[in-house]
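Numbering (the UniProt record's numbering), first residue to last: 1 to 337.
Even for Gly, the Cβ is constructed at its ideal location relative to N, Cα and C.
What follows is the structure, given as structure tokens:
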């Protein structure tokens, strides 16, 4: 089997192609021939050593994969050879809340991930791919789409008529746009580029704010809501944007903390959270139940992921560099098989 490994040390210079023995599935295991894998910010941070500097190497990165089951071990009942499947981010997380044991089963660190043409997974760690999606499209769902669904639906209790503020045009934010519109929400989206805002508006976003020309975007968001504030912020920036998110949300509103693109450490006053009865929730992707609910809803509404660019397997490093540039709109995918 062909894989990419982070070998010897962290950094894109240490992302190297390698060969490993083809695995044979044991009891309750399935072998998946990977067709596509998509990139998340977490994957780039893992390669660069910023996500977990103590991660043992070598490691096959990437949490998101889609492919075809070609062999199963004894006792497998969930899937059969020939089934198209997607990876579950936390392999042991079927439902309910996460545990320390569950967080130790995440793909792309600490477990080997999907930047490989073959994966050996537990049958509980794959989800059937909706028939209407291509493998490239399906490979974008396991982390970004499930995270957005968990933030807004599973944990966020999104209601029709709610106003949602989204940051940027990466994978989570664009999926959150699609999910919010599906539920009848009003969407405000921020970006540093007017051309990206225009694309988001064409997709259905109701208002766009350029945070470069309007650095006080939280004030602009409040103005757009008549001074009330938004119901829900999907916070992907982290420490660099969190305080502004707290000012953008209404009294009793929700901030879903998704990512740390603008930094993971900082100081923030807790008084607004307390005095305005705000709900701040961390979102660690989601469980199988959320993933399967998402796929049913997407299939019903014929929702197609927004794929920015597809790279061949031989150009995996270029795919990471494109993600790092921030030029993408939606998801970056590597076609494997």
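Taking only three categories from DSSP, how would you classify residue i?
{"i": "residue 321", "result": "helix"}
{"i": "residue 262", "result": "With a pLDDT of 45 at residue 262, under the threshold of 50, the modelled position of that residue is not reliable, and no figure is offered here."}
{"i": "residue 231", "result": "strand"}
{"i": "residue 1", "result": "coil"}
{"i": "residue 106", "result": "strand"}
{"i": "residue 216", "result": "coil"}
{"i": "residue 237", "result": "coil"}
{"i": "residue 117", "result": "coil"}
Taking its Cβ as the centre, do 16 or more other Cβ atoms sit within 10 Å of residue i, making it buried, or is it exposed?
{"i": "residue 319", "result": "buried"}
{"i": "residue 290", "result": "buried"}
{"i": "residue 215", "result": "exposed"}
{"i": "residue 232", "result": "buried"}
{"i": "residue 305", "result": "buried"}
{"i": "residue 268", "result": "exposed"}
{"i": "residue 327", "result": "exposed"}
{"i": "residue 157", "result": "exposed"}
{"i": "residue 142", "result": "buried"}
{"i": "residue 5", "result": "buried"}
Looking at the secondary structure, which residues open and close the beta strand (DSSP E) in which residue i lies?
{"i": "residue 178", "result": "First-last for residue 178: 171-182, but that is the alpha helix (DSSP H), not the beta strand (DSSP E)."}
{"i": "residue 298", "result": "Here residue 298 belongs to no beta strand (DSSP E); instead the alpha helix (DSSP H) covers 288-301."}
{"i": "residue 333", "result": "331-335"}
{"i": "residue 280", "result": "279-282"}
Give the range of the alpha helix (DSSP H) segment to which residue i is assigned.
{"i": "residue 268", "result": "Per DSSP, residue 268 belongs to no alpha helix (DSSP H) and is neither H nor E."}
{"i": "residue 244", "result": "242-248"}
{"i": "residue 315", "result": "Neither: residue 315 is in no alpha helix (DSSP H) and is coded neither H nor E."}
Determine, using beta carbons only, whether residue i and residue j come nearer to each other than 8 Å.
{"i": "residue 108", "j": "residue 62", "result": "yes"}
{"i": "residue 374", "j": "residue 140", "result": "Because residue 374 is not part of the residues shown, which for the chain are 1 to 337, the question remains open."}
{"i": "residue 173", "j": "residue 236", "result": "yes"}
{"i": "residue 246", "j": "residue 278", "result": "yes"}
{"i": "residue 90", "j": "residue 103", "result": "yes"}
{"i": "residue 227", "j": "residue 249", "result": "no"}
Residue i CB to nearest chain B CB: under 8 Å?
{"i": "residue 329", "result": "This model lacks chain B altogether; it includes just one protein chain."}
Sequence ranges, beta strand (DSSP E) only - wholly within the segment 40-98, length at least 3: The segment 40-98 is shown to contain whole beta strand (DSSP E) runs of 3 or more residues at 66-72, 84-87, in chain order.
As an exercise, report each continuous beta strand (DSSP E) stretch of at least 3 residues that is fully enclosed by the segment 122-204, in chain order. Entirely contained in the segment 122-204, the beta strand (DSSP E) runs reaching 3 residues are, in chain order, 126-128, 163-167, 186-191.
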